[in-house]
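Below is one structure, written out as structure tokens; comments come after it.
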Amino acid sequence: MTAYILRRIAIAIPTILTLIVLSFVLMEFAPGSPFDSERGIPPAVLANLEAKYGLDRPAIERLGIYIWNIVTQFDFGPSFTYRDRTVNDIIAQGFPVTLTYGIWSGLAAIAVGVPLGIVAAIRHNTWIDYLAVGFSIGAQVLPNFVMAPILVLVFTLWLGWLPGGGWQGGQWNYLVLPVIALSTSFMASIARLTRSSMLEVLNAPFIRTAQAKGLPMRRVILRHALKPAMLPVISYLGPTFAFLLTGSVLIDVFFSTGGIGQFFVAAALGRDYSVIMGVTVLYGIIVVALNLVVDLAYAWIDPKIRL
Amino acid sequence: MFRRFARAFISPATNPYPEGATEIVAGRSLWADARARFLRNKAATGGLIVLLLLIAFALFGDLIAQWSNEEIDWAMLGRVPEVGGPSLANGHWFGVDETGRDLFARTVQGTRISLAVGIVGALVAVIIGTLYGAVSGYVGGRTDQVMMRIVDVLIAIPYMFVLILLMVVFERSVIMLFVGVGLISWLDMARIVRGQTLTLKNREFVEAAIATGVSTPRIILRHIVPNLLGIVAVYATLLVPSMILFESFISFLGLGVQEPSTSLGALINGGAQNLRNETPWMLGFPLFFFCTLLFALFFVGDGLRDALDPKDR
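Protein sequence lines correspond, in order, to chains A and B. Counting from 1, one number per residue, gives the positions in the first sequence under UniProt numbering. Counting from 1, one number per residue, gives the positions in the second sequence under UniProt numbering.
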């Protein structure tokens, strides 16, 4: 198992480095200097500005400094548009919001998806199974940018039950719509995966053995079937987190939550390169870290790897 | 060689023909088998019909539209919420958008761009992925190790962000979108193709090609790649909807295609931003076309996979 974990870490580190270098190279290609403005800055001022932000040094040196600052101090440098704020300030402001409803969405997707999948598998070919299958097919074409406007149309404009945007420090009624919009498609995928792997496991000989020795069905499922059935679901969770993070960008923008995605899109539209890059790298690190956690969970649960 | 493959795949349980029929109707090709299997799948056939209708809509919708997609109906301007709704009388069958342009013509245009992004993006992904995977699998050894480790590293990157960065740095043109969307999706394709190549490279026909002195690039292009087409076709169809999703996501954020061009994602965005103006048609029509298109593509892709790749069941 140590070798397995080391191998995973050996992939994680170059992944993050690749991401940093890739975004850095892309930014080097970006036309214009971040200090271009319509009025035109005197060359002396420009030179001073570039010296202040270290832009007068060769690219390779700046890349080295950038990586060094991230590794040692988790410092993503200054924002080029907001002169008084650093990328870290922006992250500190937006990240807690995104994290809050991101965690709720992940929990909701698992808490509804897994039981739904299990029940659908146990009651194979009954109405509840068809309901689960129908839901998971339907949710495939209902990505978050389709869900979000529909939810607002129904629950905010027609019924008037819930606010259609804002955050208000994370009061529950401001959380509901973002969480539903973000989690639905993952809920459906998790339900579908759980169902199919559960069906497979329930047909395995060791389940028949468990039933043959007279165990009640509940115990057979919880003690014997659940763990092996969860393996494909867990390996799916890694990419899910990545999609949750990407999806959160849209949720932030659509619901104006003040989360990190709103800053990201504003930065993308305003060409604030250091913010775009900082958020990209931060999310890359989070995704890789979560993937690592998922891999460890996989190792812990799958006896084939534990050896 | 395909034929032999096909025989091997038809176990009694999956044989679509009555007992013994394969002996009587000898010489059915894999493609004929696949077609039969596909057509018996009602969801897939229905999906295909809907898909063809949508393609016809995207290609020829212009011809029946009463307004062009750039024309502004000045009579509507300023009172779109009151008079801009769908109406047969003034020729705005789907209503008008917030700037008074005909939504029917815009939806035709958006469906066309979305389909194009999906198809071109999938094509880019397929070409890169197939070549990469075939080379990696065929050459093998250390090269294979290195090439697959590179895929392992790249696959963990959250690409939506890189794609947005790409769109910001370079012009937000449709071409860039095509290429960018394709570039981020070839990794899975490469893995699948490599696996398939490994099973092919020790076959007699490859050995024969080596023995007669065919060069390695030629073996890969002329002998390996054609035999991968079945599996490649399946995954390419499944890629198209996810490419469309990608593009729509980015266009919804306003970072994708730019005015006056549009896509279904951009139209949905336009509708969503006007929700509070009581103009539900601006959201409804693009949304309907988007969901129908995705549904159709998923069903066709699923049907194709079942038809061409029965061992996956």
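We treat Cβ as the ideally placed atom computed from N, Cα and C, and that holds for glycine.
| Item | Value |
| --- | --- |
| Under 8 Å between C-beta atoms of Gly301(B) and Thr237(B) | yes |
| Among Ile11(A), Met27(A) and Ile9(A), nearest to Leu163(B) - alpha-carbon criterion | Met27(A) |
| Whole-angstrom distance between Ser196(A) and Thr209(A), CA atom to CA atom | 21 Å |
| Short-range partners of chain A found in the stretch 147 to 160 of chain B, where Cβ spacing is below 8 Å | Arg149, Asp152, Val153, Leu154, Ala156, Ile157, Pro158 and Met160 |
| Residues sharing a beta bridge with Ile72(B), DSSP | Arg101(B) |
| Inter-residue CB distance, Leu54(B) and Thr292(B) (contact presumed, cutoff 8 Å) | 7 Å |
| Continuous alpha helix (DSSP H) stretch holding Asn69(A): start and end | Ala59 to Gln73 |
| Cβ-based burial, Ser87(B) [other Cβ within 10 Å; buried from 16] | exposed |
| Residue span of the alpha helix (DSSP H) that contains Gln171(A), given as start and end | Counting along the chain, Gln171(A) falls outside any alpha helix (DSSP H), and DSSP gives it neither H nor E. |
| Counted within 10 angstroms of its Cβ, other Cβ atoms place Ile251(A) as buried (16 or more) or exposed | buried |
| Phe249(B) beta carbon less than 8 Å from that of Pro143(A) | yes |
| Close-in-space but distant-in-sequence residues of the same chain around Gly54(A) (CB under 8 Å, 5 per side omitted) | Arg62 and Ile65 |
| Outcome for Trp161(A) when other beta-carbon atoms lying within 10 angstroms are tallied against a minimum of 16 | exposed |
| Beta carbon proximity, Ala266(B) to chain A, threshold 8 Å | no |
| For Leu297(B), the three-state DSSP class (helix, strand or coil) | helix |
| Under 8 Å between C-beta atoms of Val114(A) and Val233(A) | yes |
| is_contact[Met27(A), chain B] using C-beta, thresh 8 Å | yes |
| contact_flag[the stretch 67 to 84 of chain A, the stretch 147 to 162 of chain A] where n(CB pairs < 8 Å) is 3 or more | no |
| Cβ shell of Phe246(B) (< 6 Å), same chain only, five flanking positions each side left out | Val181 |
| Partners in chain A for Pro86(B), counting only beta-carbon separations shorter than 8 Å | The premise fails here: Pro86(B) is roughly 17 Å from chain A at the closest Cβ pair, so nothing lies under 8 Å. |
| DSSP bridge partner residues for Val96(B) (one or two, in chain order) | Asp102(B) |
| Per-residue contacts from Ala30(A) into chain B (C-beta, under 8 Å) | Val168 and Val169 |
| Within-8 Å CB hit, Arg276(B) to chain A | yes |
| From Pro178(A), Ser235(A) and Arg271(A), residue whose alpha carbon lies closest to that of Leu166(B) | Arg271(A) |
| Environment of Asp56(A) [buried if 16+ CB atoms lie within 10 Å] | exposed |
| Chain B residues whose Cβ lies nearer than 8 Å to that of Gly284(A) | Ile157, Pro158 and Phe161 |
| Residue-chain proximity (Pro81(B), chain A), Cβ-Cβ < 8 Å | no |
| Alpha carbon of Asp75(A) to alpha carbon of Phe95(A), nearest angstrom | 15 Å |
| Own chain, CB closer than 6 Å to Gly140(B), minus 5 neighbours either side, in chain order | none |
| Burial state of Lys201(B) (16 or more Cβ within 10 Å) | buried |
| Burial state of Val265(A), where buried means 16 or more other Cβ atoms lie within 10 Å | buried |
| Tyr273(A) to Ile20(A) span [Cα, whole Å] | 13 Å |
| Members of the stretch 188 to 200 of chain A near chain B, C-beta cut-off 7 Å | none |
| Assumed close pair Leu175(A), Tyr130(A) - CB separation to whole angstroms, cut-off 8 Å | Rounded, the Cβ-Cβ distance is 31 Å, inconsistent with contact. |
| Proximity of Leu116(A) and Ala181(A) at Cβ, strictly below 8 Å | no |
| Proximal residues to Arg313(B) (C-beta, below 6 Å), its chain only, five neighbours per side dropped | Its pLDDT being 39, under 50, Arg313(B) is placed unreliably by the model, and the measurement read from it follows with that caveat. Counting only Cβ-Cβ distances below 6 Å, and skipping sequence neighbours, we find nothing. |
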